Every structure is written in structure tokens, then in C-alpha cells.
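Residue numbers (this note's numbering): 5 to 185.
Have a look at this one:
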């Protein structure tokens, strides 16, 4: 049994997988578990920790959001557990890929194609941000970018297509930038 014993381990693991967007559990069972978690601190603590572990190990599937541009074709993937990314409507500045609003601490991230098949990442914060920003490739011994900003925006230049973790203080985004060039 899981936690207090109301649900078995298999059902609860299906619920955790369900949180990452994979519909592995029927809606009625998911609703019953949601209601139970509001009442049972023991089960809530276990579900929260297992969801964190699943997200950190990369078991969760990233959600790919297409970035529209006539000159380049690219995608950026944001792992759902770490950030909710949604397109900004009506963003038409020439030469830029669509901008995205994300959860705190950043208010906007722009991924901009440049000549030579590389990209710029512009990060706008709601207010002055005083924690380290790090861009790192998986397995790299040193970060591609590491800075403690002194204002409310930061630009990372010459980012090649690939997989990265972008740390904004304690918030971690998993990015995958692709180009057809």
C-alpha cells in the first residue's frame, strides 16, 4: 500500500505519471486521488517527492512548443514540471521567433535566430534579479553561460542548437533548441 493505505502503489504511480501529461489514469480515479491528497498530508508528501524525482530524472516527456519564423525552423522544449510556457499572442517584432511567458522568476524568454545557425536567448524579469543564471549542456564540465545579472534583463549570445539546462536561481528549465540548417 502507498502512504496511508487508501490507494495501492500502482495506482499512485499512474497518478504521478498522469501529472506529467501522460493520461495513464481515468478521470474519476484521478479526481478521487486529488480529493484524498487535500486531506492526507502523508500521501501528499510522498506524491510531491516522487513527482519531483520523476521530473529531475527526465522521465517526464518534454512538451515541445513550435517557434514560428519564416527564415528558420526551430523548437524549444520546456519540461512541464519546471515551467509552464505559453505563446505570447500578437508578438510580431520582425526577425524574432515567438516570445514565451513562463512562471516566476522570469516574465519572458525570447529565443532569437541569428546568422550562422546559432541563437540568442533573451531573458526578461519582472524586477531586478540578483541570483545566478546558468546555461549548461548535459554532461559539460563548465557552463556555457554563468552570470549574476545587475539589471532586469539578460542576453545569452551564440547558443548552438542542442539540449541545455537553464537555471534561473533555483528554477530549472530544460531546453532543447533545434534548427533544420
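Glycine residues also receive a C-beta, built at the ideal position from the N, C-alpha and C atoms.
Just so it is clear, the structure is predicted and the values come from calculations on it, not from any experiment.
Those residues which DSSP pairs with residue i across a bridge
i, result
"residue 19", "The partner list for residue 19 (beta bridge, DSSP) is empty, contrary to what the question assumes."
"residue 28", "DSSP, once it has assigned bridges, lists no residue as partnering residue 28."
"residue 46", "Answer by DSSP bridge pairing: none, since residue 46 is not bridged."
"residue 6", "11"
"residue 37", "According to DSSP, residue 37 bridges with nothing at all."
Any chain B beta carbon closer than 9 Å to residue i
i, result
"residue 114", "Given the protein chain composition of this structure (a single chain), no chain B is represented."
Three-way DSSP call (helix, strand, coil) for residue i in this model
i, result
"residue 175", "strand"
"residue 14", "helix"
"residue 180", "strand"
"residue 86", "The predicted position of residue 86 is uncertain, since its pLDDT is 39 and thus under 50; a value taken from the coordinates is nonetheless stated next. Of the three classes helix, strand and coil, the one that applies to residue 86 here is coil, per DSSP."
"residue 52", "helix"
"residue 143", "coil"
"residue 169", "strand"
Start and end residues, beta strand (DSSP E) containing residue i
i, result
"residue 151", "149-151"
"residue 162", "157-163"
"residue 2", "Missing from the structure shown is residue 2; the chain here goes from 5 to 185 and no further."
Beta-carbon proximity list for residue i, same chain, < 6 Å, skipping 5 on both sides
i, result
"residue 150", "138"
"residue 21", "28"
"residue 43", "none"
"residue 15", "none"
Own chain residues within Cβ distance below 8 Å of residue i, not counting five before or after
i, result
"residue 156", "128, 129, 130, 131, 132, 133"
"residue 34", "19, 22"
"residue 145", "none"
"residue 5", "11, 12, 13"
"residue 41", "47, 48, 51"
7 Å Cβ shell around residue i - same chain, five flanking residues per side excluded
i, result
"residue 123", "115, 116, 117, 163, 181"
"residue 166", "141, 181"
"residue 18", "28, 29"
"residue 147", "138, 139, 140"
Inter-residue CB distance, residue i and residue j (contact presumed, cutoff 8 Å)
i, j, result
"residue 152", "residue 168", "In fact, because the Cβ distance is near 19 Å, the residues do not count as touching under 8 Å."
"residue 7", "residue 53", "In fact, because the Cβ distance is near 11 Å, the residues do not count as touching under 8 Å."
"residue 244", "residue 160", "Because residue 244 is not part of the residues shown, which for the chain are 5 to 185, the question remains open."
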